[in-house]
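Quick notes on the structure that follows.
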Amino acid sequence: MSERYLKVYTDRSELVLTDGTIQYFTEGGMNQQAKIRYRKIISEFADGYLEKQILVCRDNSSNLNFSQLNQEQKNLLDKLVQSVTSEVGRALIGLTILQLCVKSVEPEQNIRLHKGSSSTRDFSWCDGISMRSLDKQYITPVLRKYELLRLNADGFMMTRSLAENYPYSSVYKANIRGARIEWIHLVEGIEENQLNSESALLYILSQLINRADNFKILALQTIEQLHLFLETNLVNQDIALSFILRHINKSDYAARLMEISMHSLMQAIQQYPISPYKSLKPLSQMRSANKKHGNIADIEILEDRQIVEAWDAKYGKSYLRDEIEELSEKLEIHPALRKAGFVTSIEPERIDELKPRCEEIEEIFGISLKILTFEQWVQEQFTHALEEDIITENELASAWMKAYTESLAQQRRNIAPIDEPCYQWLSTLNETLRDL
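Quick note: the sequence shown, position 119, residue 140 per the numbering used here, numbers continuous.
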């Protein structure tokens with residue numbers, strides 16, 4: 022059996038299948054047939070197609086029939102759903118749902134062709150459609166509404182690896198993270214008419230709904246278990262810190278959990294009138310602490326809508342020369358900042374080398390700049406909060422554990438809008454509580 026391969030020309034691509042069949046994808050503005058198909062898809066999507074399918078799965082689950090799917094196809098869909106972790110897999114799930122919706126509404130539309138435009142300025146296939154537009158308007162908002170998938174509000178099609186100017190196929194070369202192989206098999210099965218798109222759509226939605234319901238049950242169990250622990254134990258700073266460190270070190274994507282734990286401690290402090298004129302900025306999405314987003318760091322304290330204090334979590338990183346220089350650039354557009362620092366999960370290195378540069382930045386911008394370990398940073402926050410004699414150590418330690426748990430349980434989305442799926446984190450947290 023020969024291999025599949027893609028021929029790329031200046032005006033077209035040719036996908037050569039294993040049996041020698043060639044699929045032709047001409048580049049250029051959308052042709053009339055594609056425009057007609059696209060209008061039909063938009064009309065159905067705007068009429069609530071995806072939402073109706075979700076409600077069918079949620080409210081009539083006993084009447085669902087997946088007999089048109091064989092076990093191998095169900096296994097592919099299961100693996101796709103199960104591949105979602107705190108950092109990878111969401112975009113592929115969203116894309117699969119979009120493709121299944123498109124194919125269910127308009128079977129003649131090729132779901133390999135994810136770009137289509139009437140403008141000559143934009144890349145387009147003559148038979149393609151704008152999946153990015155469909156996603157942002159009709160897919161991501163619905164998935165977010167029903168809490169089936171935590172996605173960026175701009176949509177999963179903003180992911181660069183899904184936006185290459187090549188048809189989706191087994192030879193699509195972009196570095197897609199998650200269940201890439203399973204997704205490719207589904208795309209091939211759909212385009213070769215071996216998979217019933219509507220049945221597959223209902224199946225994957227049902228799996229996501231089950232996970233959502235399971236998550237809510239787990240969240241309630243974990244919060245109840247925490248409350249029971251706090252009612253029967255007098256906790257202090259060391260106990261709270263040990264609990265959170267144990268959870269971070271047992272979990273995947275510990276760097277993100279370190280950010281959440283720091284933000285949670287600030288949430289706990291903000292519950293009390295220690296600094297009444299200051300407010301905690303909601304937790305940012307991962308990797309958004311940069312100049313483009315106007316951020317200085319992961320944790321930011323505001324006063325009169327200006328950032329006056331900022332702390333950046335550095336998990337697993339001990340040498341911070343580049344981070345210090347990057348901070349100095351950000352400070353030029355944040356004149357109100359008075360305190361900034363880096364918090365490391367391990368002992369920082371070559372502090373004597375960095376100290377002169379830190380002192381120079383302090384003098385230039387009139388700020389206090391520190392490099393602390395996580396334990397040192399926690400100690401500093403507790404010391405500052407307790408010296409006001411407004412709260413006790415037990416109250417603050419309990420509030421920190423509660424804020425951390427409730428943030429991961431999606432109970433504080435106004436201040437901690439965590440878009441990463443938290444099921445695995447919460448499950449590990451539940452185990453950690455049982456071990457206390």
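Built from N, CA and C at the ideal position, the CB exists for glycine as well.
Per-residue DSSP class, three states only, for residue i
i      : result
Ile382 : helix
Thr180 : coil
Glu35  : strand
Leu85  : coil
Thr253 : helix
Lys338 : coil
Thr161 : helix
Ala174 : coil
Val208 : helix
Gln432 : coil
Gly115 : helix
Phe190 : Per the sequence shown, the amino acid found at residue 190 is Ser instead of Phe. Three-state DSSP puts Ser190 in coil, outside helix and strand.
Arg232 : helix
Ile238 : helix
Tyr224 : helix
Glu353 : coil
Glu408 : coil
Lys136 : coil
Arg371 : coil
Ser218 : helix
Gln400 : helix
Arg201 : helix
Pro377 : helix
Thr243 : helix
Gln130 : coil
Ser305 : coil
Leu348 : helix
Leu121 : helix
Identified DSSP bridge partners for residue i
i      : result
Ser300 : Leu323
Trp146 : Glu48
Ile43  : Val37
Trp332 : Ile320 and Gly362
Same chain only: Cβ atoms within 6 angstroms of residue i, ignoring 5 sequence neighbours per side
i      : result
Phe236 : Tyr444
Ser282 : Ile265 and Tyr425
Lys360 : Glu330 and Ser389
Leu304 : His284 and Ala437
Ile290 : Ala406
Glu35  : Lys28, Ile43 and Tyr45
Phe395 : Val364 and Ser366
Ile328 : Ile317, Glu321, His355 and Leu358
Thr161 : Leu172 and Gly176
Asp319 : Glu280, Ala310, Asp333 and Ala334
Lys302 : Glu321 and Leu323
Element boundaries [alpha helix (DSSP H), containing residue i]
i      : result
Lys391 : Per DSSP, Lys391 belongs to no alpha helix (DSSP H); it is in the beta strand (DSSP E), Ser389 to Thr394.
Asp444 : It should be pointed out that residue 444 corresponds to Tyr in this sequence rather than to Asp. Here the alpha helix (DSSP H) through Tyr444 covers Tyr444 to Asp456.
Thr426 : Glu414 to Leu429
Arg267 : Gln258 to Lys271
Arg153 : Met152 to Leu155
Glu280 : Ala275 to Gln291
Continuous beta strand (DSSP E) stretch holding residue i: start and end
i      : result
Val29  : Tyr26 to Val29
Lys360 : Lys360 to Thr365
8 angstroms CB neighbourhood of residue i in its chain, flanking five on each side removed
i      : result
Lys124 : Gln130, Ile132, Ile211 and Ser218
Glu414 : Asn257, Gln258, Phe403 and Leu407
Val192 : Arg25, Tyr26, Leu27 and Leu36
Glu324 : Tyr298, Lys299, Ser300 and Ala357
Ile411 : Tyr293, Pro294 and Ile295
Arg165 : Arg171, Leu172 and Ala174
Lys312 : With a pLDDT of 45 at Lys312, under the threshold of 50, the modelled position of that residue is not reliable, and the figure given next carries that caveat. Closer than 8 angstroms at Cβ, skipping near neighbours: Glu350, Lys351 and Ile354.
Glu368 : Ser339 and Thr394
Asn435 : Pro303
Residue-chain proximity (residue i, chain B), Cβ-Cβ < 8 angstroms
i      : result
Lys376 : In summary, chain B is missing from the structure at hand, where a single protein chain is found.
Residues near residue i in its chain [Cβ-Cβ closer than 7 angstroms; skip 5 each side]
i      : result
Ala55  : Gly137, Cys147, Asp148, Gly149 and Ile150
Cys78  : Leu85, Leu223, Leu226, Ser227 and Ile230
Glu203 : Leu97, Lys100 and Leu101
Ile205 : Ser191
Thr180 : Ala112
Distance cut-off 7 angstroms: residue i Cβ against heavy atoms of the ligand PLP
i      : result
Leu454 : For the structure depicted, the ligand PLP is absent and the ligand set is empty, with no information on it obtainable.
**Request:** Any chance you could list the beta strand (DSSP E) runs of at least 3 consecutive residues sitting entirely within the segment 53–112, in chain order?
**Result:** none
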